[in-house]
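Have a look at the structure below before the remarks.
2 protein chains.
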Amino acid sequence: MSLSSLLWAFWYILPAYFANASPVLVGGGRPIDGGRYWKDGRRVFGDGKTWRGLIGGVAIGTAVGALQYFITPEFYGSLGKALLLAFLLSFGALFGDLVGSFFKRRIDLPRGSPAIGLDQLGFLISALAFAYPVKTLDSGQIIFLLVVSPFVHWGANYFAYKMGWKSVPW
Amino acid sequence: MSLSSLLWAFWYILPAYFANASPVLVGGGRPIDGGRYWKDGRRVFGDGKTWRGLIGGVAIGTAVGALQYFITPEFYGSLGKALLLAFLLSFGALFGDLVGSFFKRRIDLPRGSPAIGLDQLGFLISALAFAYPVKTLDSGQIIFLLVVSPFVHWGANYFAYKMGWKSVPW
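Protein chains in written order, with the working numbering: chain A, 33 to 202; chain B, 33 to 202.
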């Protein structure tokens with residue numbers, strides 16, 4: 033495992049990180065569950081998961097992929113492949129986040145409360161799974177991302193909290 | 033991704049699953065933190081993490097690896113490599129679990145309360161990282177294990193709860 037292979041792993045996953053972080057900035061609006069309740073009497077996803085956050089996050093992540101293609105075209109091969117990869121990483125990240133919210137509501141964690149592990153890893157695993165058919169990393173790079181992403185995630189959230197973008201530091 | 037490659041992924045990770053599950057059966061005894069408190073006034077790991085659970089779990093996981101070698105020697109190459117791999121997978125799994133307990137105590141989750149995600153993925157990621165230098169999987173197999181392990185984990189814990197081995201179903 034060379035240093036450059038670890039940097040390429042971050043470069044690969046960047047759209048997923050942007051998509052996962054962007055609802056903090058572009059979120060709000062109509063909730064995806066339309067205010068509906070699950071059969072346990074609790075919200076399906078909650079007010080924290082909105083269409084604007086989902087669509088905005090996928091758009092931002094995919095735009096990041098377009099920028100990445102123009103910086104390192106040889107890493108992607110073609111603009112079409114770069115855009116498809118970034119779309120799948122972004123959609124995968126937000127889909128994983130949504131599934132996480134579903135499980136958090138089911139065990140009755142209130143919106144915004146931490147699910148230590150799920151919040152830091154669910155979006156990443158989902159992004160890796162969605163993007164796998166188009167382009168993947170080697171196993172060492174994946175293990176590296178899994179080990180360091182929780183710390184990146186906590187650092188980024190603490191920064192967003194200090195900047196006043198989030199009301200809680202996780 | 034063929035079916036057999038997914039079955040090999042389970043076969044590879046089996047010592048980690050056994051090590052992670054075994055403290056339920058062989059646990060108890062003297063806690064690893066010796067009853068000591070962290071500077072936040074809470075226990076370092078708590079009474080749930082004991083020397084007997086750690087050593088018993090590593091022993092059971094490594095014994096599983098020895099059995100695996102005699103069933104599929106060609107997968108490991110040599111008994112020494114199979115034992116080393118099983119030891120690293122088992123120790124890695126329990127080390128990840130211990131780190132998870134440390135973080136759970138820091139955010140003041142009581143012993144046994146669920147950290148959705150961390151409990152299902154922390155031991156797995158740690159096992160994969162420790163075992164990586166000896167033998168690893170391909171990226172598709174790793175992503176597969178990450179996606180399905182939470183469900184295996186929940187199923188196994190629910191079974192242990194129904195059998196009366198655990199007091200809570202998670």
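Backbone N, C-alpha and C define an ideal beta-carbon position, used for all residues, glycine too.
Checklist entry - Taking the alpha helix (DSSP H) that I175 (chain B) falls in, what are its first and last residues? => result What you label residue 175 (chain B) is simply residue 143 of the second sequence in a count that begins at 1. Run containing I175 (chain B): 171–194, per the alpha helix (DSSP H) assignment.
Next on the checklist: Residues of chain A with CB closer than 7 Å to the CB of D170 (chain B), please, in chain order.
Outcome noted: Taking the first residue of the second sequence as 1, we reach residue 170 (chain B) at position 138. Here the neighbours are S171.
Item to check | Contact list for V179 (chain A) against chain B, beta-carbon separation under 7 Å | outcome: Taking the first residue of the first sequence as 1, we reach residue 179 (chain A) at position 147. Those are I157, A161, listed as they occur along chain B.
Next on the checklist: I'd like to know if A188 (chain B) contacts chain A, where contact means its C-beta is closer than 8 Å to some C-beta of that chain.
Outcome noted: One-based indexing of the second sequence puts residue 188 (chain B) at position 156. It does not; no Cβ of chain A falls within 8 Å.
Checklist entry - Can you tell which of B:D72, B:G67, B:L86 has the C-alpha that lies nearest to the C-alpha of D79 (chain B)? => result As a first step, residue 79 (chain B) is located in the second sequence; it is residue number 47 there, counting from the start. Nearest option by C-alpha distance: B:G67.
Item to check | S54 (chain B) burial status per 10 Å Cβ neighbour count (16 or more: buried) | outcome: On the second sequence, position 22 is the one that residue 54 (chain B) refers to. Its Cβ being crowded by 16 or more others within 10 Å, S54 (chain B) is buried.
Checklist entry - So is D151 (chain A) in contact with chain B if we call contact Cβ pairs under 8 Å? => result Counting from 1 along the first sequence, the entry for residue 151 (chain A) is found at position 119. True, the Cβ-Cβ gap to chain B drops below 8 Å.
Checklist entry - Listing by chain order, which chain A residues have their CB less than 7 Å from the CB of G109 (chain B)? => result Locating residue 109 (chain B) in the second sequence gives position 77, where the first residue counts as 1. The contacting residues do not exist; G109 (chain B) stays about 18 Å from chain A at best.
Checklist entry - What is the rounded straight-line gap between the Cα of I103 (chain B) and the Cα of A114 (chain B)? => result Start at 1 with the first residue of the second sequence, and residue 103 (chain B) comes out as number 71. Start at 1 with the first residue of the second sequence, and residue 114 (chain B) comes out as number 82. Whole-angstrom Cα-Cα distance: 11 Å.
Checklist entry - Which value, in whole angstroms, describes the spacing of the CA atoms of G112 (chain B) and W43 (chain B)? => result For this step, residue 112 (chain B) is matched to residue 80 along the second sequence. For this step, residue 43 (chain B) is matched to residue 11 along the second sequence. Going from the Cα of G112 (chain B) to the Cα of W43 (chain B) covers about 17 Å.
Next on the checklist: Quick check on T82 (chain B): does DSSP put it in helix, strand or coil?
Outcome noted: Here the question's residue 82 (chain B) lines up with position 50 in the second sequence. Strand at T82 (chain B).
Checklist entry - Where DSSP assigns a beta bridge to R75 (chain B), which residues make up the other side? => result Numbered from its first residue, the second sequence carries residue 75 (chain B) at position 43. DSSP output for R75 (chain B) lists B:Y69 as bridge partner(s).
Next on the checklist: Using a Cβ-Cβ cutoff of less than 7 Å, which residues in the same chain neighbour G61 (chain A) once the five nearest sequence positions on both sides are dropped?
Outcome noted: In the first sequence, residue 61 (chain A) corresponds to position 29, counting from 1. Once the five neighbours on either side are set aside, the close Cβ partners of G61 (chain A) are T82, W83, R84.
Next on the checklist: Taking 8 Å as the threshold (C-beta atoms), are A147 (chain B) and G128 (chain B) in contact?
Outcome noted: What you label residue 128 (chain B) is simply residue 96 of the second sequence in a count that begins at 1. What you label residue 147 (chain B) is simply residue 115 of the second sequence in a count that begins at 1. Contact: no.
Checklist entry - Just curious, the alpha helix (DSSP H) that K136 (chain B) is in, first and last residue? => result Residue numbering aside, residue 136 (chain B) sits at position 104 when the second sequence is read from its first letter. Note, K136 (chain B): alpha helix (DSSP H), 111–138.
Next on the checklist: Under DSSP, the alpha helix (DSSP H) around G154 (chain A) begins and ends at which residues?
Outcome noted: The residue given as residue 154 (chain A) occupies position 122 in the first sequence. Per DSSP, G154 (chain A) belongs to the alpha helix (DSSP H) from 150–163.
Item to check | Amino acids of chain B, ordered along the chain, whose beta-carbon sits closer than 8 Å to that of L154 (chain A) | outcome: In the first sequence, the residue the question calls residue 154 (chain A) occupies position 122. The identity of residue 154 (chain A) in the sequence shown is Gly, whereas the question assumes Leu. Neighbours of G154 (chain A) on chain B, chain order: G149.
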